[in-house]
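Trainee: According to my numbering, the sequence shown holds residues 3 to 196 in order. After the structure tokens below, expect a handful of questions from me.
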Amino acid sequence: MSRPVYYKSFRSRKFRNIHLTSSSIVDATNKSDDVILDIGFGTGESTMTLNEIFSDHVVCGIEAYKPGVKKLIAEKIPVEYGDAAEIIEKFDDNKISQIYMLFPDPWQKVKHRKRRLFSEYTFRIIDRILKRDGFFHFASDNINYAFQAKRIIEKASCRDVEFSKHRGFRPVTRYEVKGIRKRNFIFDLIYFKN
3 MSRPVYYKSF RSRKFRNIHL TSSSIVDATN KSDDVILDIG FGTGESTMTL NEIFSDHVVC
63 GIEAYKPGVK KLIAEKIPVE YGDAAEIIEK FDDNKISQIY MLFPDPWQKV KHRKRRLFSE
123 YTFRIIDRIL KRDGFFHFAS DNINYAFQAK RIIEKASCRD VEFSKHRGFR PVTRYEVKGI
183 RKRNFIFDLI YFKN
């Protein structure tokens, strides 16, 4: 089981430098028992919405798109720029209450699917860092990616997982809006850790 291939060449065109705070999100999460992690938040709207909904939690994000990272820095939301798989490896076990991965890049071409952020490797880390009774929410409008995610969770957790009939607390993202305009079906998987 190998880590997904991190792909960032297109993400660094406009910004030469990015100044993050000296403390990482791992440090920020050690200060609270109620932590929400938004992985791959894009432009940052989903993380800001989660921060409003869950004002009593520490909401933080991981992203490789610099404008989104800069937006969260301006909002004083703990954020980390870079490879999400590499960053979540650093979290302690049973640390995070909620993890969101909303509309990650589906890398539709078969030869590019190794770049998909959600994989067996990342799910095993997600399951390790989730608290008991915590949950992981994956959403996609790509049917292939959605069913791949379902199979990964079922295989790793050894239990059946059904697509959710509701969106839970997840915010609407611009990628979801694009998918709806294309008349794509939205798939939500919500995995609770026992």
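Built from N, CA and C at the ideal position, the CB exists for glycine as well.
Starting from the C-beta of Y177, find all residues in its chain whose C-beta is less than 8 Å away, skip the five residues before and the five after it, and write them out in chain order.
Mentor: In the sequence shown, residue 177 corresponds to position 175, counting from 1. For Y177, where only same-chain residues beyond five positions count, the Cβ hits under 8 Å are G44, L104, F105 and D143.
Trainee: Just to confirm my understanding: we take F171, look at its own chain, exclude 5 residues before and 5 after, and list those with CB closer than 7 Å. What are they?
Mentor: Against the sequence shown, residue 171 aligns to sequence position 169. Taken in chain order, the residues that qualify are I55.
Trainee: Taking the runs of the alpha helix (DSSP H) that are 4 residues or longer, which of them lie wholly in the stretch 82-135?
Mentor: Those alpha helix (DSSP H) runs which fall completely within the stretch 82-135 and span 4+ residues are 86-90 and 122-131.
Trainee: In terms of residues, what are the limits of the alpha helix (DSSP H) holding V179?
Mentor: If you number the sequence shown from 1, residue 179 lands on position 177. V179 -> alpha helix (DSSP H) spans R176 to R183.
Trainee: Output the boundary residues of the alpha helix (DSSP H) element that contains F149.
Mentor: Translated into the one-based positions of the sequence shown, residue 149 becomes position 147. Unbroken alpha helix (DSSP H) run through F149: I145 to S159.
Trainee: On the criterion of 16 or more Cβ atoms from any shown chain inside 10 Å, does I2 qualify as buried, or is it exposed?
Mentor: Look at the range of the chain in this structure, 3 to 196, and you will see that residue 2 is not part of it.
Trainee: Compute the beta-carbon to beta-carbon distance between R126 and A158, rounded to the nearest angstrom, for a pair I have assumed lies under 8 Å.
Mentor: Locating residue 126 in the sequence shown gives position 124, where the first residue counts as 1. Locating residue 158 in the sequence shown gives position 156, where the first residue counts as 1. Right, the Cβ-Cβ distance comes to about 6 Å (below 8 Å), so this counts as a contact.
Trainee: Would you tell me roughly how many angstroms separate the C-alpha atoms of S24 and R185, rounded to the nearest one?
Mentor: Position 22 of the sequence shown, counted from the start, is the residue given in the question as residue 24. Position 183 of the sequence shown, counted from the start, is the residue given in the question as residue 185. With a pLDDT of 47 at S24, under the threshold of 50, the modelled position of that residue is not reliable, and the figure given next carries that caveat. Straight-line Cα distance between these residues: approximately 43 Å.
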